[in-house]
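K.L.:
Take a look at this one; I'll ask things after.
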Amino acid sequence: MNSKNKEIIVMGFGLFAMFLGAGNIIFPPYIGIVSGQKWPAGLLGFAVTGIGMPLLGLLATFRAGGNIDKFAGKVSLPFAKAFNFAILLCIGPLFAIPRTAATTFEVGILPLLGAFDPGSILGISWSAIAVSFIFFAVTLYFSLNPSQVLDQIGTYFTPFLILMLGFIIVKGILVPIGKPAAPVVDNAFALGFTEGYQTMDALASMAFASIIMADIMGHGHGNTKEGLSMAVKVALVSMLGFLFVYGGLVYLGASGGESFANTKDGHTAITVRLVDAIAGDTGRYALASAMTFACLTTAIGLTTAVAGYFEKLLDKRLSYRGLVWIIVTASAVLSVYGVRHIISLSVPVLYALYPVAIVLILLNLFDRESPPGVYRGAVVGAFLIGILYGLQHVSTVADQAKNMLAAIPLGQEGFAWIFTSALGGIAGAAWTRRRRKNAAPEK
């Protein structure tokens, strides 16, 4: 194997590990369980938002030179700054990074050791605080050396991570614990599609693209056609890894059948019980190891990306190292409240932001020649409906939001934003054409 191909594989493994965090492991089994016999449809929906959109997001940001401000800049520069700020808060200290530590505690520590503390403070267990402190101390150490992040993760963390997950998946496929039951959802594809929002990978792809480009340039390939080609291959390596992991975990969930029909315990508890049924104590240790490494690599990658962006946004008024400390500290504080609490807070926000991100990814890739009016109209159409989908998960206004969505084509299926963003794009094109016509000098 020549050195260039080795670099691609190592960086691809590193990117895979940075993406593969808490949501990538705890949501697929849940999708398999509730989809039952329709698990392929659930997997397909999850793959669209969990594999397809992150890949397209990486490619779109590569085409923008790894600059996420350019990615959304065709709407307007103030919008790009605000949108990217919101995204990076979501994938950073508000939701994604705290969830990595919380999941490490609930999946990697509690099933093996129990709550190893004498009590709690303010309703928070001392064990959760201890795990969070250790987790973020390691995250801090690696994040303070950003130029080596991708290589370090790809070389040291990913092989072990793949080995542990591979053991669980292969064991579950060779010795299934049951058969898929009847589905408990009407539309398995839509469920998988919207559950994919919780991975936040399409949002993270825009930030991770800059890390990949920096690493490629660090290997001497530069921001050239060769560098872009290499970046695409790195992205493809990572997404092939996800295809194996998601397919395996969704199938394992489906094979659980009626034994795991009760999904009220939460995603982490379901995952732990499922792996315990598949591989017993060995499986629990493998899952604990895989989850810890997966969450740690994601936390490192996200901390690096978010701190790097905020350093540029603030014109270096705060140093990269200072921002890393702030992000790590804030994430540690939020992580101790647990996975279920973090998910409940993130759902309305992600439902509002994800349609906008998908529209921007598709426009950046396939319609770069359209005028800003098209971008603006499509984004407004997607965002307004995204807000309604988010409000469905706010108890005080959930019924009103559902009634409004029911009146819009594809609303009940979860895809009304496709209709409204298309209308918005058409309206934006018409508005732009009219402005140009009015501005043209009379002959």
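When we follow our numbering, the leftmost residue of the sequence shown carries the number 1, and every step to the right adds one.
The C-beta atom is built at its ideal place from N, Cα and C for all residues, glycine as well.
Quick one, are the C-beta atoms of F242 and L43 less than 9 Å apart?
P.N.:
no
K.L.:
Checking the sheet assignment: what are the DSSP bridge partners for I342?
P.N.:
Looking at the DSSP assignment, I342 forms no beta bridge with any residue, so it has no partner.
K.L.:
Should S3 go down as buried or exposed, given a rule of 16 or more other Cβ atoms within 10 Å for buried?
P.N.:
exposed
K.L.:
May I have the straight-line CA-CA distance separating R433 from R376, to the nearest angstrom?
P.N.:
14 Å
K.L.:
Under a Cβ-count criterion, where at least 16 other Cβ atoms within 10 Å of its own Cβ denotes burial, should I212 be classed as buried or exposed?
P.N.:
buried
K.L.:
Tell me which residues share the same chain as V356 and place their Cβ nearer than 8 Å to its Cβ, disregarding the 5 neighbours each side in the sequence.
P.N.:
F83, V379, A382, F383, G386
K.L.:
Return the bridge partner residues of S120 from the DSSP annotation.
P.N.:
S125
K.L.:
With C-beta atoms as the reference, is I25 less than 9 Å away from T303?
P.N.:
no
K.L.:
Cβ atoms of P93 and V306: under 9 Å apart, would you say?
P.N.:
yes
K.L.:
According to DSSP, is T396 helix, strand or coil?
P.N.:
coil
K.L.:
Hey, Q39 and G301: beta-carbon distance below 9 Å or not?
P.N.:
Correcting the residue identity first, residue 39 is Trp in this sequence and not Gln. No, the Cβ-Cβ distance between W39 and G301 is not below 9 Å.
K.L.:
When the distance is taken between beta carbons, is V107 closer than 9 Å to A288?
P.N.:
yes
K.L.:
Look up V170 in the DSSP assignment and say whether it is helix, strand or coil.
P.N.:
helix
K.L.:
Pick out the complete alpha helix (DSSP H) segments inside the stretch 254 to 332, 4 residues or longer, and give them in chain order.
P.N.:
267 to 313
K.L.:
I'd like the list of long-range same chain contacts for F454, defined as Cβ closer than 6 Å, with 5 residues on each side in sequence excluded.
P.N.:
Any answer about residue 454 is impossible in this case: the structure gives the chain only from 1 up to 443.
K.L.:
How far does the alpha helix (DSSP H) with I33 in it extend, from its first residue to its last?
P.N.:
22 to 35
K.L.:
Hey, could you find the ends of the alpha helix (DSSP H) I97 is sitting in?
P.N.:
I97 -> alpha helix (DSSP H) spans 96 to 103.
K.L.:
Helix, strand or coil for E7? Go by DSSP, reduced to three states.
P.N.:
The answer is helix: DSSP assigns E7 an H, G or I state.
K.L.:
Rounded to the nearest angstrom, what separates G266 and R340 at their Cα positions?
P.N.:
7 Å
K.L.:
Check whether the Cβ atoms of V250 and S76 lie closer than 9 Å to each other.
P.N.:
no
K.L.:
Starting from the C-beta of T199, find all residues in its chain whose C-beta is less than 6 Å away, skip the five residues before and the five after it, and write them out in chain order.
P.N.:
Result list for T199: G23, N24, G50, in chain order.
K.L.:
Mind listing, in chain order, the continuous alpha helix (DSSP H) runs of no fewer than 4 residues lying wholly within the stretch 178 to 230?
P.N.:
188 to 195, 201 to 218
K.L.:
Could you have a look at F415 and say whether DSSP puts it in helix, strand or coil?
P.N.:
coil
K.L.:
Span of the alpha helix (DSSP H) holding P372?
P.N.:
If you look at P372, you'll find it in the alpha helix (DSSP H) that goes 372 to 391.
K.L.:
By the three-class DSSP mapping on this structure, what secondary structure does I408 have?
P.N.:
Coil.
K.L.:
For L144, which option in L296, F71, L323 has the closest C-alpha, if you only look at C-alpha atoms?
P.N.:
L323
K.L.:
Quick one, are the C-beta atoms of G308 and F244 less than 9 Å apart?
P.N.:
no
K.L.:
With a CB to CB cut of under 7 Å and the five nearest residues on each side skipped, what residues in its chain are close to I278?
P.N.:
I168, K171, G172, I177, L252
K.L.:
When burial is assigned at 16 or more other CB atoms within 10 Å of the CB, is R317 buried or exposed?
P.N.:
Counting C-beta atoms within 10 angstroms of its own C-beta, R317 has fewer than 16 neighbours from the protein chains shown and is therefore classed as exposed.
K.L.:
Between R435, Q400, Y354, which lies nearest to S421 when the distance is taken from Cα to Cα?
P.N.:
Y354
K.L.:
So L161 and A290 are in contact, right, with Cβ under 8 Å, and what is the actual spacing, rounded?
P.N.:
Confirmed, Cβ separation roughly 6 Å.
K.L.:
Kindly indicate which three-state DSSP category A64 falls into: helix, strand or coil?
P.N.:
coil
K.L.:
Counting only the same chain and skipping the five closest in sequence on each side, list residues whose C-beta sits under 8 Å from that of S210.
P.N.:
Short of 8 Å from the beta carbon of S210, and not among the five residues preceding or following it, lie these beta carbons of its own chain, in chain order: T61, G66, N67, I68, A305, G308, Y309.
K.L.:
Where does T282 land, buried or exposed, given buried means 16+ other C-beta within 10 angstroms?
P.N.:
exposed
K.L.:
Quick check: the Cα distance between A455 and I134, rounded to an integer number of angstroms?
P.N.:
There is no way to answer for residue 455, as the model of the chain reaches only from 1 to 443.
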